[in-house]
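Trainee:
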Amino acid sequence: MATVTSNPSVAAPAAKLPHGSVIMRIEPPRGLFNLHLGELWAYRELLYFFVWRDVKVRYKQTVIGVLWVVLQPLLTMGVFTLFFGRLAKLPSNGLPYPVFYFAALVPWAYFSTALQNCTSVVVDNQRVITKVYFPRLVLPISAVVSGLVDFAIGFAVLLVVTTIYGIKPTLAVLWLPVLLLLAVLTALGVGLWMSALNALYRDVRYVVPFLVQFWMFASPVVYPSSLVPQRWRWLYGLNPMAGVIDGFRWALTGHGVAPGPLMLASASAVMVVLLGGLFFFQRMEGTVADRV
Amino acid sequence: MSTVVIHGEGLGKRYHRGALQQSTLLRDQLSRMLKSPLSVFRRPKDETFWALEDVSLEVREGEVLGLIGRNGAGKTTLLKILSRITKPTTGWAEIHGRVGSLLEVGTGFHGELSGRENTFLSGAILGMSKREINRKFDEIVAFAELEKFIDTPVKHYSSGMYVRLAFAVAAHLEPEILLVDEVLAVGDINFQKKCLGKMGDVARAGRTVVLVSHQLNQIRRLCHRVIWIEAASVRQDGSPEAVVNAYEAAMSKSEGAPVGSRTGDHARGHFTGWEIISPENTSPHSLDIIGPVTVRFMLKLLEPIKHGIHGITLYNAERQLLWGWAAFELDLELGVHDLVYHFPMLPLKPGIYTWMVSFWDREELIDMGDLAPEFHVVTQSFQHPRDEWSGLLNLPSEFTVRPSSAAYSSRPSR
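Sequences listed follow chains D and C, in order.
Residue numbering for the first sequence follows the numbering used here, beginning at 1026 and increasing consecutively.
Residue numbering for the second sequence follows the numbering used here, beginning at 61 and increasing consecutively.
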């Protein structure tokens, strides 16, 4: 069944008319926290199309397309290896520098692109938002999901790099999907805040790149988290990306520390940010068509 | 009696004019906070206005309801509430059935994507499932007459091709309730007719349609019932004949306020309307021949003007300036004047046009702006059948092919 702007699962009251139609009630916005997850599920096909559009357009617009997705982290890896590794001689937990940096750059690149796309997604789609109804939550979700295509390409390159350096995967790779999910939820959680804020204040999108840059140095991208003094570890763990990046290195190479309490702290921090983001986004959702 | 499928009670929408005008930059907000930290706790001076106020309505299954009214009267706001794009400030509505809304041509189109890709994207955004689009795809492409260009990125389409594809997608929506806003105002008349036909089918198939339009003939032809919205509330609700006639009478009444969106010092005078006086027609605002045509513009002066200047321009629906002219040093008495134009020929292609008129007292503006209603041209087309080649002028020509000879050569034969 095609779902247009109403949808059976959220109809309140969920009553059926004799001719089998659904009832939809339109009312002024209320302060209740209701995510309408059932409605979101009904619109999953639209989510698919938004992701599909993002991916298609991204690879059509750049001449080198896929190559760019591969080159960007590879070049960054080269620069990091040279400056932070060879010149600054930062420790790398016994891993070859290229592996050490690339294993961090792949999830980090995903996170930073997903967050930045998510920030501008509501404003970028303002024409559609003011002309047709769909659960607005579809937009930020599509922004973080479409970044996964780039991630997949980067990850394939990462596997090539680890193979070249003769690193054999252990059972720890089974942790990767969990770590990736954590990265997706972090990008979504923070992205929800940022996209709602960006709809209110248009210059938020210029602030986010700085935020991302600071965040990178607050995450173990260019250095191992073992550099952080033990007594500050718990605080450091509140940065979910710290857990994700450390976890990635460990899951791929077996070097470093297994996700422990740090991961738990990361996961709880993500949940708090995500729930807050959902609430804030939902508050903005009702009036977004009047604002953008 | 059929069931009520849309029931609205006391619907209202308030906008904050202040909030809209306030800069939405974080930078400004922060600098305001730094300048006067207490202002954060003070509510900003908020001017509110009601775009829609206490509107109640009932629409029955299978009914085609027309919404008419001036620009800014609240028609689109009502449609946006019913289609859930924005929430009402007051009141509630209950809708029984799947709703499809069509508030813009080409919702969700992306220039980089091909016609095929955009068909799927726009279809999905408008509410069709992938399976549904797959099933109707060939039909949509044939309807748009774009078989050859369906894999070309739409950024390379002419505006006509773009509109045809966008309409074709929209025309194949099959919700139980269809909400349509003024989308048929662009595109060439032949294609518009095709779309109207398709919409007529939708209505005959028992679906409910709510239609906003300025094209009163369209409203008369399609609708079973019409609601006239004036200044955010319902002014009249009834049969198309009764409501449209009352609306037309109010719009072209030569007494009263200026019609259309206008600026100037209206205390000194204003244009009260316009009409075609020859050829005589059922509608004084639509033209079905190339010419000759006589049009009058009614100017009401509340004081005598010694050095009047009058300007006139004609725009098409894409707001291209087609013609402009001005008269100077007009010495006019207080009262109502007819400014009459006789055009031996008005070679306009079918479509919707707007007259913009102005009147000045030397450098002081008395009235300037678009006249309502719009000018509809429904003449036969003497142009290339594909609108990307038809151009702006609808020039009738006599075309012959004959043997070339010196007698017909325009050049001296030496």
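The C-beta atom is built at its ideal place from N, Cα and C for all residues, glycine as well.
DSSP on D/Gly1216, reduced to helix/strand/coil?
Mentor: Residue state, collapsed to three classes: helix.
Trainee: Provide the residue span of the beta strand (DSSP E) that contains C/Thr150, from first to last.
Mentor: Segment 150 to 156, the beta strand (DSSP E) holding C/Thr150.
Trainee: Is C/Val355 closer than 8 Å to C/Trp334 when the C-beta atoms are compared?
Mentor: Closer than 8 Å, so yes.
Trainee: Quick one: what does DSSP say C/Gln296 is sitting in, helix, strand or coil?
Mentor: Strand.
Trainee: Does the region 1265 to 1285 of chain D come within contact of the region 1196 to 1203 of chain D, defined as at least 3 CB pairs closer than 8 Å?
Mentor: Contact holds: three or more Cβ-Cβ distances are below 8 Å.
Trainee: Tell me whether C/Pro213 sits in a helix, a strand or coil according to DSSP, three-state version.
Mentor: If DSSP states are grouped into helix, strand and coil, C/Pro213 belongs with the strands.
Trainee: Measuring alpha carbon to alpha carbon, tell me which residue in C/Glu340, C/Glu113, C/Ile141, C/Met428 is nearest C/Thr373.
Mentor: Among C/Glu340, C/Glu113, C/Ile141, C/Met428, the Cα nearest to that of C/Thr373 belongs to C/Met428.
Trainee: Specify, as a first and last residue, the run of the beta strand (DSSP E) that C/Val272 falls within.
Mentor: Counting along the chain, the beta strand (DSSP E) containing C/Val272 begins and ends at 268 to 272.
Trainee: Give me the Cβ distance between D/Pro1165 and D/Ser1220, rounded to the nearest whole Å; I'm assuming they're in contact under 8 Å.
Mentor: Indeed, because the Cβ distance is near 5 Å, the residues count as touching under 8 Å.
Trainee: Taking the runs of the beta strand (DSSP E) that are 3 residues or longer, which of them lie wholly in the region 387 to 462 of chain C?
Mentor: List check, beta strand (DSSP E) in window: 395 to 403, 411 to 421, 424 to 430, 435 to 437.
Trainee: Identify the residues that DSSP records as bridge partners of D/Arg1050: which are they?
Mentor: For D/Arg1050, which the question treats as bridged, DSSP gives the partners C/Glu154.
Trainee: Taking 8 Å as the CB-CB cut-off, is C/Phe209 touching chain D?
Mentor: C/Phe209 does not count as touching chain D.
Trainee: Would you please verify whether the beta carbon of C/Tyr222 is less than 8 Å from any beta carbon of chain D?
Mentor: Not one chain D Cβ lies under 8 Å of C/Tyr222.
Trainee: When you compare the CB positions of C/Ile200 and C/Val119, do they come within less than 8 Å of one another, or not?
Mentor: No, they are not a contact pair.
Trainee: Can you find the residues in the same chain that come closer than 6 Å, C-beta to C-beta, to D/Val1163, ignoring five residues on each side of it along the sequence?
Mentor: Contacts found: Tyr1068, Leu1071, Leu1072.
Trainee: For the region 168 to 186 of chain C, which residues have a beta carbon sitting closer than 8 Å to at least one beta carbon of chain D?
Mentor: Under the 8 Å Cβ criterion, the region 168 to 186 of chain C contributes Gly168, His170, Glu172, Leu173, Glu177, Phe180, Leu181, Ala184, Ile185, Leu186.
Trainee: So if I threshold CB-CB distances at 9 Å, which residues from the region 141 to 163 of chain C count as touching chain D?
Mentor: Within the region 141 to 163 of chain C, the residues whose Cβ lies closer than 9 Å to some Cβ of chain D are Ile141, Leu142, Ser143, Arg144, Ile145, Thr146, Lys147, Pro148, Thr149, Thr150, Gly151, Trp152, Ala153, Glu154, Ile155, His156, Gly157, Arg158, Val159, Gly160, Ser161, Leu162, Leu163, listed in chain order.
Trainee: Does any C-beta atom of chain D lie closer than 8 Å to the C-beta of C/Gln82?
Mentor: In this predicted model, C/Gln82 has a pLDDT of only 48, less than 50, meaning its place in the structure is not dependable; the value taken from the coordinates is given anyway. No, because no Cβ of chain D sits closer than 8 Å to the Cβ of C/Gln82.
Trainee: Counting only C-beta atoms, is D/Thr1155 closer than 8 Å to chain C at any point?
Mentor: So, interface residue.
Trainee: Using a beta-carbon distance cut-off of less than 7 Å, what residues from the region 263 to 284 of chain C approach chain D?
Mentor: Result list empty, no residue passes.
Trainee: Span of the alpha helix (DSSP H) holding D/Ser1171?
Mentor: 1163 to 1189 is the span of the alpha helix (DSSP H), which, as asked, contains D/Ser1171.
Trainee: What does a CB cutoff of less than 8 Å around C/Asp297 pick up in its chain, not counting 5 residues either side in sequence?
Mentor: For C/Asp297, where only same-chain residues beyond five positions count, the Cβ hits under 8 Å are Leu117, Arg285, Val286, Ile287, Trp288, Val303.
Trainee: Rank C/Tyr217, C/Leu206, C/Glu121, C/Ala377 by C-alpha distance to the C-alpha of C/Tyr413 and give the top, closest one.
Mentor: Residue C/Ala377 is the option with its Cα nearest to C/Tyr413.
Trainee: Report yes if the CB atom of C/Thr146 is closer than 8 Å to the CB atom of C/Gly175, and no otherwise.
Mentor: Cβ atoms of C/Thr146 and C/Gly175: not closer than 8 Å.
Trainee: Out of C/Phe435, C/Arg87, C/Gly122, C/Arg264, which has the shortest C-alpha to C-alpha gap to C/Gly157?
Mentor: With distances taken between Cα atoms, C/Gly157 lies closest to C/Gly122.
Trainee: Within 8 Å (strictly less), CB to CB, does D/Leu1183 reach chain C?
Mentor: No, because no Cβ of chain C sits closer than 8 Å to the Cβ of D/Leu1183.
Trainee: At a CB-CB cut-off below 7 Å, which residues of chain D make contact with C/Gln296?
Mentor: Result: empty, since nearest Cβ-Cβ is about 24 Å, beyond 7 Å.
Trainee: In or out: C/His402 buried (at least 16 other Cβ within 10 Å) or exposed?
Mentor: The residue is exposed, with fewer than 16 neighbouring Cβ atoms inside 10 Å.
Trainee: Just how far apart, CA to CA, sit C/Ile279 and C/Pro235?
Mentor: Distance between the alpha carbons of C/Ile279 and C/Pro235: 21 Å.
Trainee: Can you list the residues of chain D that C/Leu85 reaches, using a CB-CB cut of under 7 Å?
Mentor: Result: Tyr1226, Arg1227, Asp1228.
Trainee: Give me whichever residues DSSP pairs with C/Val119 in a beta bridge.
Mentor: Beta-bridge pairing links C/Val119 to C/Ile66.
Trainee: Give me the Cβ distance between C/Ser479 and C/Gly168, rounded to the nearest whole Å; I'm assuming they're in contact under 8 Å.
Mentor: Examination of residue 479 of chain C is not possible in this model, given that chain C is present from 61 through 474 alone.
Trainee: In chain D, what lies closer than 8 Å to C/Tyr75 by C-beta?
Mentor: Going along chain D in sequence order, the residues near C/Tyr75 (Cβ under 8 Å) are Asp1315.
Trainee: Using only alpha-carbon positions, find the residue among D/Leu1120, D/Arg1230, D/Leu1217 that is nearest to D/Gly1302.
Mentor: When only C-alpha atoms are compared, the closest one is D/Leu1217.
Trainee: Tell me which residue opens and which closes the beta strand (DSSP E) that C/Arg285 is part of.
Mentor: Here the beta strand (DSSP E) through C/Arg285 covers 285 to 290.
Trainee: Can you name the residues of chain C whose CB is closer than 9 Å to the CB of D/Val1050?
Mentor: Here residue 1050 of chain D turns out to be Arg, not Val, going by the sequence shown. Here the neighbours are Trp152, Ala153, Glu154, Ile155.
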